[in-house]
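Colleague: Line order of the protein sequences matches chains A and B.
Letter by letter, the first sequence follows residues 1 to 354 in the working numbering.
Letter by letter, the second sequence follows residues 1001 to 1294 in the working numbering.
Ideal placement from N, C-alpha and C gives every residue a C-beta, glycine not left out.
Quantities reported herein were computed from a predicted structural model and do not represent experimental measurements.
Questions regarding the structure given below will be posed in turn.
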Amino acid sequence: MGALRLTNIHKTYANGHQAVRGINIEIEKGEFLVLVGPSGCGKSTLLRTIAGLEAISEGEIHIAGQRVDTEAPAKRDIAMVFQNYALYPHMTVYKNMAYGLHNRGVDKQTIDQKVKHAAGLLKLTDYLHRKPSQLSGGQRQRVAMGRAIVRDPQAFLFDEPLSNLDAKLRVQMRNEIKTLQRSLGTTSVYVTHDQTEAMTLADRLAVVNAGVIEQMGSPMEIYERPQTVFVAGFIGSPAMNFLTGRLHNGRLEIGELSIVLQQPPRFDGEVIVGLRPEHLYRQAEHAFSLPFQIEVLEPLGADTLVWGHVSGVQETVVARLSRAYPADAPRTLTLYFNEAELHLFDAATEQRLS
Amino acid sequence: MLLKRVHFSGSPIPYIFIVPQLLIIAVFFFWPACQAVYLSFMLEDPWGLSSTFVWFENYQVLFSSAEYLSTTLFTLVYCALVVFFSLGLALLLAVKANSVIHGQSAYRLLLTWVYAVAPAVAGITAYFLFNRHIGVLFQWITQTGWAFAPETNAFDASVMLVLVSVWKQVPVNFVFFLAGLQGISKSLREAAQLDCASGFRRFWTITFPLLAPTAFFLMVINITYAFFDTFGLIDTLTQGRPGGATTTMVYKVFQDGFLGADLGLSSAQSVVLMVLVLLLTVFQFLFVERRVHY
Chain A
1 MGALRLTNIH KTYANGHQAV RGINIEIEKG EFLVLVGPSG CGKSTLLRTI
51 AGLEAISEGE IHIAGQRVDT EAPAKRDIAM VFQNYALYPH MTVYKNMAYG
101 LHNRGVDKQT IDQKVKHAAG LLKLTDYLHR KPSQLSGGQR QRVAMGRAIV
151 RDPQAFLFDE PLSNLDAKLR VQMRNEIKTL QRSLGTTSVY VTHDQTEAMT
201 LADRLAVVNA GVIEQMGSPM EIYERPQTVF VAGFIGSPAM NFLTGRLHNG
251 RLEIGELSIV LQQPPRFDGE VIVGLRPEHL YRQAEHAFSL PFQIEVLEPL
301 GADTLVWGHV SGVQETVVAR LSRAYPADAP RTLTLYFNEA ELHLFDAATE
351 QRLS
Chain B
1001 MLLKRVHFSG SPIPYIFIVP QLLIIAVFFF WPACQAVYLS FMLEDPWGLS
1051 STFVWFENYQ VLFSSAEYLS TTLFTLVYCA LVVFFSLGLA LLLAVKANSV
1101 IHGQSAYRLL LTWVYAVAPA VAGITAYFLF NRHIGVLFQW ITQTGWAFAP
1151 ETNAFDASVM LVLVSVWKQV PVNFVFFLAG LQGISKSLRE AAQLDCASGF
1201 RRFWTITFPL LAPTAFFLMV INITYAFFDT FGLIDTLTQG RPGGATTTMV
1251 YKVFQDGFLG ADLGLSSAQS VVLMVLVLLL TVFQFLFVER RVHY
């Protein structure tokens, strides 16, 4: 029995917009599930229905075996961390953390002990008597975490908690959240549109699109075997290259290129060929080759992104080449790739062909 | 270090810029105020033909007058009631209107409407509503068995006055409270929903403290209203009747000065009012504002 079980969740707004269209998830105790998807895909709505901030139109929500979808948010034994922290500006850090416990009738001594413990974990001990307005962004984020931790709930719900932080702090807080969640062992659901955050934090990743889950699995599973064109394009940065091609009797044709696959899927017709930028190599040890016309170079320091065209193919192709690529180098080069790192999708259904 | 203020050293330009403002203040405030202080030391005959310097005699007469004492008491009680009920009612309406999802603008419009009515017009409207012969409210009140007689009964007249004053002031307060409520972020209210199951408790521990700056500001506005801006209402509704029982301090200044032609005594009352407003302002900013979170 999972710690959090969502059964056939539907959410339709009064104006007829279907934000969530039949989602089933079962989350194990202590698991870190990340819901990732573009904005407006319904991931935040789903999280808010778990919290009880929005009512579901259909389905059931069970937390620790208890059906909660008709309970008030405060009765569900969950704690939520909001994007803009949502700290009470008129209360000190201490009171912000104590407020939820106080309202649940916990005695003063226990509250004090819990708040101080959480403050210790989050390095907030020196700031307990400050107001939120006197804290930095990262500290406010920690207070928001502390407010969730002291409650010792069945589940943490994170609603894009790092979006308001700058890039450096975001990486730091990401690590802190992961470490903290591991050590506390609290079941967590985390919503983000940032796929780096999603990949690094998740035990299990659910890619949400248009109110349904496109694919669910471990981050590496999703990276290596995306089931749909949407998932393939969404996970990975820069996004996967998609080239239209034809598959006929195990022969794959892309533009002027024609290769014979060793393990072709049983499929004849139009296909979408996915190839990640990091799976295009300059070394000749890989099986297949592409003539490549360079148009733009984007040096990133450790890597260089090379944008350009493959002859006979409409789509722009990007390759991530390791190390710096000299700007005065020849504008054409040959790139190599492997069959194992090719992703083939049916052009009509956009589903993976295996 | 960067200077936050702009410095014009020795230049007359900034003074020239504020001259119009200073002139207006001087002509319409300082000069009359000085005149009032000056007149409060004089005994002037009603035709303005002679005036005598009498030191503090006007103040002595004023402070030994039982009538002035009762006027002061009435003003304070009236002010307290008007402020309390107009703020309380407006807050209640604002909270209710804020939680309405459909047709919120219709509620807002209806509740704000009264604000556009001038005090004198409001007073006349109320005069008709409470009229013994044709008044709708008068009939409702008498139907409850209350022998309502605002012409002769001091309590009834006060009730009527407080009622009308509150009605006139609620829209202003409502608009400000509603704006204050809508300024509280949605996620903050949601965080509170997760932390506290009781809506009543949530209101007093989260919403109300966050509205405190608005409430403080409105309290200042409302006290000023009850003291000074109700003149039009009183003048059209009761004229201080019965027997001066609904005379506020401001209305008495008008009565003694313009109707009684006792300029000295009237000016002395103005000076008392000035001092009172000054004290009130100092008190509010020293003691009330300190407890308000901004």
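(1) For the segment 1101 to 1113 of chain B, which residues have a beta carbon sitting closer than 8 angstroms to at least one beta carbon of chain A?
(2) Going by DSSP, name the residue or residues bridged to Phe1030 of chain B.
(3) Taking just the CA atoms, how far does Ser188 of chain A sit from Leu205 of chain A?
(4) Here's a check: name, in chain order, each residue in its chain whose Cβ is nearer than 7 angstroms to the Cβ of Ile1223 of chain B, leaving out the five neighbours to either side.
(5) Do you know offhand how far Val1100 of chain B's Cα is from Ala1090 of chain B's?
(6) When you compare the CB of Pro1119 of chain B with every CB in chain A, is at least one pair closer than 8 angstroms?
(7) Give the residues of chain A in contact with Asp1195 of chain B, contact being defined as C-beta atoms less than 7 angstroms apart.
(8) Could you check the C-alpha separation between Met199 of chain A and Leu280 of chain A for me, to the nearest Å?
(9) By a C-beta neighbour count over all protein chains shown, 10 Å radius and 16 as the cutoff for buried, is Arg266 of chain A buried or exposed?
(10) Could you say which of A:Ala51, A:Ile259, A:Glu28 and A:Gly59 lies nearest to Val20 of chain A if we only look at CA atoms?
(11) Should Tyr1302 of chain B go down as buried or exposed, given a rule of 16 or more other Cβ atoms within 10 Å for buried?
(12) Listed in chain order, which residues of the segment 1208 to 1241 of chain B have Cβ atoms closer than 7 angstroms to some Cβ of chain A?
(13) For chain B, is any of its Cβ atoms less than 8 angstroms away from the one on Ala239 of chain A?
(14) Considering only their Cβ atoms, is the gap separating Arg282 of chain A from Leu321 of chain A smaller than 8 angstroms?
(15) Counting only runs that start and end within the segment 143 to 230 of chain A, where is the alpha helix (DSSP H) found for 4 or more residues in a row?
(16) What is the C-beta distance between Ile272 of chain A and Phe345 of chain A, in whole angstroms, given that I count them as a contact (C-beta under 8 angstroms)?
(17) Tell whether a beta-carbon distance below 8 angstroms holds between Ala1248 of chain B and Thr1075 of chain B.
(18) What is the rounded straight-line gap between the Cα of Val207 of chain A and the Cα of Leu35 of chain A?
(19) Taking 8 angstroms as the threshold (C-beta atoms), are Leu1161 of chain B and Thr1071 of chain B in contact?
(20) Using 10 angstroms around the beta-carbon of Pro226 of chain A, count the other beta-carbons present and answer buried if the total reaches 16, otherwise exposed.
(21) Tell me whether Arg352 of chain A sits in a helix, a strand or coil according to DSSP, three-state version.
(22) So what does DSSP say about Ile1013 of chain B, is it helix, strand or coil?
(23) Is the segment 1115 to 1130 of chain B touching the segment 1223 to 1234 of chain B in the sense that three or more CB pairs, one from each, lie closer than 8 angstroms?
(24) Establish whether the CB of Ala1191 of chain B and some CB of chain A are separated by less than 8 angstroms.
(25) On the criterion of 16 or more Cβ atoms from any shown chain inside 10 Å, does His343 of chain A qualify as buried, or is it exposed?
(26) Express the C-alpha separation of Ser57 of chain A and Ala14 of chain A in angstroms, rounding to a whole number.
(27) Using a Cβ cut-off of 8 angstroms, pull out every chain A residue sitting near Ser1185 of chain B, in sequence order please.
(28) Give me the chain B residues within the contact set of Leu53 of chain A, using Cβ-Cβ distance strictly less than 9 angstroms, ordered along the chain.
(29) Taking C-beta pairs closer than 8 angstroms, name the residues in chain A that Arg1201 of chain B reaches, listed in chain order.
(30) Cα separation between Ala202 of chain A and Asn1173 of chain B?
(31) Residues of chain B with a CB under 8 angstroms from the CB of Met220 of chain A: which are they?
(32) Spatial neighbours of Thr12 of chain A within its chain, please: C-beta separation below 6 angstroms, excluding the five flanking residues on both sides.
(33) Examine chain A for any beta-carbon lying closer than 8 angstroms to the beta-carbon of Met1001 of chain B, and answer yes or no.
(34) With distances taken from CA atoms, which of A:Leu46, A:Gly40, A:Ser39 and A:Thr228 is nearest Leu33 of chain A?
(35) Taking CB distances under 8 angstroms as the criterion, tell me whether Met173 of chain A reaches chain B.
(36) Considering only their Cβ atoms, is the gap separating Phe156 of chain A from Thr186 of chain A smaller than 8 angstroms?
Modeller: Reading off the structure:
(1) none
(2) Answer is none; Phe1030 of chain B lacks a bridge partner.
(3) 12 angstroms
(4) Cys1079, Val1083 and Leu1280
(5) 15 angstroms
(6) no
(7) Ala74, Tyr99, Gly100 and Asn103
(8) 22 angstroms
(9) exposed
(10) Minimum Cα distance to Val20 of chain A is reached at A:Gly59.
(11) Outside the displayed span of chain B (1001 to 1294) sits residue 1302 of chain B, for which this structure offers no information.
(12) So the list reads Pro1209 and Leu1210, given in the order they occur along the chain.
(13) no
(14) yes
(15) Whole alpha helix (DSSP H) segments, 4+ residues: 167 to 184, 195 to 201 and 219 to 224.
(16) Between Phe345 of chain A and Ile272 of chain A the Cβ distance is about 4 angstroms, and since that is below 8 angstroms, they are a contact.
(17) In the sequence under discussion, the amino acid at residue 1248 of chain B is Thr, which differs from the Ala named in the question. Contact flag set, yes.
(18) Answer to the nearest angstrom: the Cα atoms are 6 angstroms apart.
(19) no
(20) Classified as buried, Pro226 of chain A has 16 or more neighbouring CB atoms from the shown chains inside 10 Å of its CB.
(21) strand
(22) Helix at Ile1013 of chain B.
(23) Yes, since at least three Cβ pairs between the segment 1223 to 1234 of chain B and the segment 1115 to 1130 of chain B fall closer than 8 angstroms, the two stretches touch.
(24) yes
(25) buried
(26) Near 10 angstroms, if we compare the C-alpha coordinates of Ser57 of chain A and Ala14 of chain A.
(27) Chain A residues near Ser1185 of chain B: Asn84 and Ala86.
(28) Glu1190, Gln1193 and Leu1194
(29) Asn103
(30) 50 angstroms
(31) What Met220 of chain A touches in chain B: nothing, since even the nearest Cβ is about 33 angstroms away.
(32) Gln18 and Ser57
(33) Reliability of the predicted coordinates at Met1001 of chain B is poor, the pLDDT of 43 falling under 50, and no value is obtained from them.
(34) A:Leu46
(35) no
(36) yes
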